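Following: one structure in structure tokens, then a few remarks.
2 protein chains.
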Amino acid sequence: MEIVGELINASRQPIKEAIEAQDTDYIKKVAKDQEDHGANFIDVNAGVFADKESEYLKWLISNVQEVVSVPCCIDSPNPKAIEDTLETHKGIPLINSISLETERYDKLLPILSNSDYKVVALCISDKGMPDGVDEIMANADKLINGLTGANVPINHIYIDPLVKPISVKDSHGVEALDSIQRIMKEYPGVHTVWGNSNLSFGVPKRWILNQVLAVAAITRGLDAAILNPLDKRLIAFITAAETLAGKDECCMNYMKAYRKKKFEV
Amino acid sequence: MEIVGELINASRQPIKEAIEAQDTDYIKKVAKDQEDHGANFIDVNAGVFADKESEYLKWLISNVQEVVSVPCCIDSPNPKAIEDTLETHKGIPLINSISLETERYDKLLPILSNSDYKVVALCISDKGMPDGVDEIMANADKLINGLTGANVPINHIYIDPLVKPISVKDSHGVEALDSIQRIMKEYPGVHTVWGNSNLSFGVPKRWILNQVLAVAAITRGLDAAILNPLDKRLIAFITAAETLAGKDECCMNYMKAYRKKKFEV
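Protein sequences appear in the order of chains X and Y. At position 163 of the first sequence the residue is numbered 163 (the numbering used here), and the sequence of numbers has no breaks. Heads up: take any position in the second sequence, counting from 1, add 265, and you land on the numbering used here.
Right, here's the structure in full:
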């Protein structure tokens, strides 16, 4: 599974402070730590700084790319901020995110069209969050058709069905899992991704629900997730879940993790 | 989920010794401990004593039923041993197990016919273990049709698709999970069950694979499992998996487990 390291997000207080202080060492350390622990992308998010979002995103990208070889996941609901930063990023970033919301869609689609960019596509529209698996699938279908129609390769598209809190409705877990299974079956080659901690908003001991969600989702086909790669327990269970899901030839990754004592959690 | 407490099995050395010494106190303690930790059935297995299996099973059942109020799961591949013990058991036991193997099927079906007994039905035939989901489904279909045709209520049938070791073939996990999902969808009212530790034969740190299997299977519909109810970590994750699977109204069981510190694992 591809891991998007979630730690460089200005909604986290230490990151916000490091950005304000222009503390390059701290940002570089958090970036490097995540790469060293297996992150395939380093998420950068400066959304809390409304006026300076583009400036700070560029600063984050430059600093992150000085120390890691994996690309960034440029994380903003603001298409202008994303556009402003694309020249700063070396290599192919993961753009996070497009959606069916008209303004966002219309501004980002021309940027993505005929490009090499990878993109997270949120199953949300002007009507708001989707309600139930069928609405998620209808939104996923529009996004995939729209993006592939603009010559974005299907394997550059990461559909996010949007996990909603289980504390709000008992069926939110089932909806999320069933959506992953259907998307991966009906659109071969596409990726699925989500913010793995959204399910557990509002309940205690969130790590347990986060962990069972990741495990169950991997066996449905989820092949990317935005999470903390430094969470050793979560990573151990993701490794075992991939073995269970038949994505580990002859249990070789499992045995490697065992020998490296990654299961001592 | 219904838990079949697996500990009173003579293949475990302390149980074998307790049976040989006719140590009623030890057997009663293991039975009571399992009930106290949520077991819905207490498995009794004396299969290692070929000549005395019936005698020892009756002794186990009598002692177990002196201290617990949940029924036994009478566990033997030998239909004669099962038949010998049925009069000893008070209430409705879970018979473990019938299969499509001709001798076993022909001897047990008349006993089950028009009875109140619950029964584990293994998806194995005279051809041996099933190979792949379609063969599992074909065997499940024959078992369900045969048993319901003999007036066994569908909700008394526990289909076991037989988990095979992932160390033997990468796809054994996927086969097991897909089988559960199909059985529960195609035969409403039936139960599914398995020995949850079979997947991990031959690999180290078996508890991690056992745990991810239980979690993923619960989200596919598995509603019974033969396992150790004293394994606090496994039980904690089963609780969270049931919440994820939408089987926990308003997260009430999750919150109850949290307040009782069941997630301190």
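For each residue, glycine too, the CB sits at the ideal point set by N, CA and C. The structure displayed is predicted, hence computed values, not measured ones.
Rounding to the nearest angstrom, what Cα-Cα distance links residue i and residue j in this structure?
{"i": "Leu199 (chain X)", "j": "Met129 (chain X)", "result": "14 Å"}
{"i": "Trp207 (chain X)", "j": "Lys512 (chain Y)", "result": "19 Å"}
{"i": "Val70 (chain X)", "j": "Gly91 (chain X)", "result": "9 Å"}
{"i": "Phe306 (chain Y)", "j": "Asn155 (chain X)", "result": "48 Å"}
{"i": "Leu227 (chain X)", "j": "Ile218 (chain X)", "result": "14 Å"}
{"i": "Lys318 (chain X)", "j": "Phe263 (chain X)", "result": "Summary: the structure shown does not reach residue 318 (chain X), with chain X confined to residues 1 through 265, and so no result is reported for it."}
{"i": "Ala257 (chain X)", "j": "Thr192 (chain X)", "result": "24 Å"}
{"i": "Ala481 (chain Y)", "j": "Ala216 (chain X)", "result": "4 Å"}
{"i": "Asp134 (chain X)", "j": "Ala441 (chain Y)", "result": "27 Å"}
{"i": "Ala505 (chain Y)", "j": "Val203 (chain X)", "result": "11 Å"}
{"i": "Leu7 (chain X)", "j": "Ala214 (chain X)", "result": "18 Å"}
{"i": "Ala21 (chain X)", "j": "Asn196 (chain X)", "result": "30 Å"}
{"i": "Pro494 (chain Y)", "j": "Val530 (chain Y)", "result": "14 Å"}
{"i": "Ile144 (chain X)", "j": "Val174 (chain X)", "result": "23 Å"}
{"i": "Gly146 (chain X)", "j": "Tyr452 (chain Y)", "result": "39 Å"}
{"i": "Tyr321 (chain Y)", "j": "Gly303 (chain Y)", "result": "25 Å"}
{"i": "Tyr519 (chain Y)", "j": "Pro375 (chain Y)", "result": "42 Å"}
{"i": "His354 (chain Y)", "j": "Lys205 (chain X)", "result": "42 Å"}
{"i": "Cys251 (chain X)", "j": "Ile431 (chain Y)", "result": "8 Å"}
{"i": "Val190 (chain X)", "j": "Pro79 (chain X)", "result": "22 Å"}
{"i": "Lys466 (chain Y)", "j": "Ser327 (chain Y)", "result": "For the record, residue 466 (chain Y) in the displayed sequence is Phe; it is not Lys. So the alpha carbons of these two residues sit roughly 32 Å apart."}
{"i": "Asp25 (chain X)", "j": "Gln211 (chain X)", "result": "31 Å"}
{"i": "Glu507 (chain Y)", "j": "Ile500 (chain Y)", "result": "11 Å"}
{"i": "Ile389 (chain Y)", "j": "Lys118 (chain X)", "result": "47 Å"}
{"i": "Asp23 (chain X)", "j": "Ala50 (chain X)", "result": "20 Å"}
{"i": "Asp223 (chain X)", "j": "Lys185 (chain X)", "result": "13 Å"}
{"i": "Lys261 (chain X)", "j": "Gln34 (chain X)", "result": "18 Å"}
{"i": "Ala405 (chain Y)", "j": "Arg369 (chain Y)", "result": "16 Å"}
{"i": "Pro14 (chain X)", "j": "Pro93 (chain X)", "result": "24 Å"}
{"i": "Lys294 (chain Y)", "j": "Val168 (chain X)", "result": "42 Å"}
{"i": "Ile422 (chain Y)", "j": "Ile3 (chain X)", "result": "42 Å"}
{"i": "Lys107 (chain X)", "j": "Ala46 (chain X)", "result": "20 Å"}
{"i": "Lys142 (chain X)", "j": "Asp160 (chain X)", "result": "13 Å"}
{"i": "Ala18 (chain X)", "j": "Lys429 (chain Y)", "result": "51 Å"}
{"i": "Ile292 (chain Y)", "j": "Lys281 (chain Y)", "result": "10 Å"}
{"i": "Ile360 (chain Y)", "j": "Ile95 (chain X)", "result": "56 Å"}
Determine the contact status of residue i and residue j, defining contact as a CB-CB distance below 8 Å.
{"i": "Ser362 (chain Y)", "j": "Ala346 (chain Y)", "result": "no"}
{"i": "Leu244 (chain X)", "j": "Leu427 (chain Y)", "result": "no"}
{"i": "Leu60 (chain X)", "j": "Val44 (chain X)", "result": "yes"}
{"i": "Val332 (chain Y)", "j": "Ala296 (chain Y)", "result": "yes"}
{"i": "Cys534 (chain Y)", "j": "Gln330 (chain Y)", "result": "A question about residue 534 (chain Y) goes unanswered here, because the residues of chain Y that appear run from 266 up to 530."}
{"i": "Trp194 (chain X)", "j": "Ala225 (chain X)", "result": "yes"}
{"i": "Leu377 (chain Y)", "j": "Val417 (chain Y)", "result": "yes"}
{"i": "Gly221 (chain X)", "j": "Ile180 (chain X)", "result": "yes"}
{"i": "Ser319 (chain Y)", "j": "Asp340 (chain Y)", "result": "no"}
{"i": "Met266 (chain Y)", "j": "Ile503 (chain Y)", "result": "yes"}
{"i": "Glu87 (chain X)", "j": "Asp435 (chain Y)", "result": "no"}
{"i": "Thr148 (chain X)", "j": "Asp126 (chain X)", "result": "no"}
Could you please give me the residues that DSSP links to residue i through a beta bridge?
{"i": "Ile9 (chain X)", "result": "In the sequence as displayed, the identity of residue 9 (chain X) is Asn instead of Ile. The partner list for Asn9 (chain X) (beta bridge, DSSP) reads X:Asn45."}
{"i": "Ser390 (chain Y)", "result": "Y:Gly393"}
{"i": "Leu227 (chain X)", "result": "X:Gly5"}
{"i": "Asp285 (chain X)", "result": "Given that chain X is displayed from residue 1 to residue 265, the structure contains no residue 285 (chain X) and the question cannot be resolved."}
What is the DSSP secondary structure of residue i, counted as helix, strand or coil?
{"i": "Thr243 (chain X)", "result": "helix"}
{"i": "Val174 (chain X)", "result": "helix"}
{"i": "Val119 (chain X)", "result": "strand"}
{"i": "Glu267 (chain Y)", "result": "strand"}
{"i": "Gly146 (chain X)", "result": "helix"}
{"i": "Thr457 (chain Y)", "result": "strand"}
{"i": "Leu487 (chain Y)", "result": "coil"}
{"i": "Asp248 (chain X)", "result": "coil"}
{"i": "Ile473 (chain Y)", "result": "helix"}
{"i": "Phe502 (chain Y)", "result": "helix"}
{"i": "Asn114 (chain X)", "result": "coil"}
{"i": "Asn404 (chain Y)", "result": "helix"}
{"i": "Pro14 (chain X)", "result": "helix"}
{"i": "Lys527 (chain Y)", "result": "coil"}
{"i": "Tyr370 (chain Y)", "result": "helix"}
{"i": "Leu199 (chain X)", "result": "coil"}
{"i": "Ile448 (chain Y)", "result": "helix"}
{"i": "Lys232 (chain X)", "result": "helix"}
{"i": "Ile154 (chain X)", "result": "helix"}
{"i": "Val433 (chain Y)", "result": "coil"}
Could you name each continuous alpha helix (DSSP H) segment of 4 residues or more that falls completely within the segment 22–99 of chain X, going from the start of the chain to the end? Within the segment 22–99 of chain X, complete alpha helix (DSSP H) segments of at least 4 residues are found at 24–36, 53–67 and 79–85, given in chain order.
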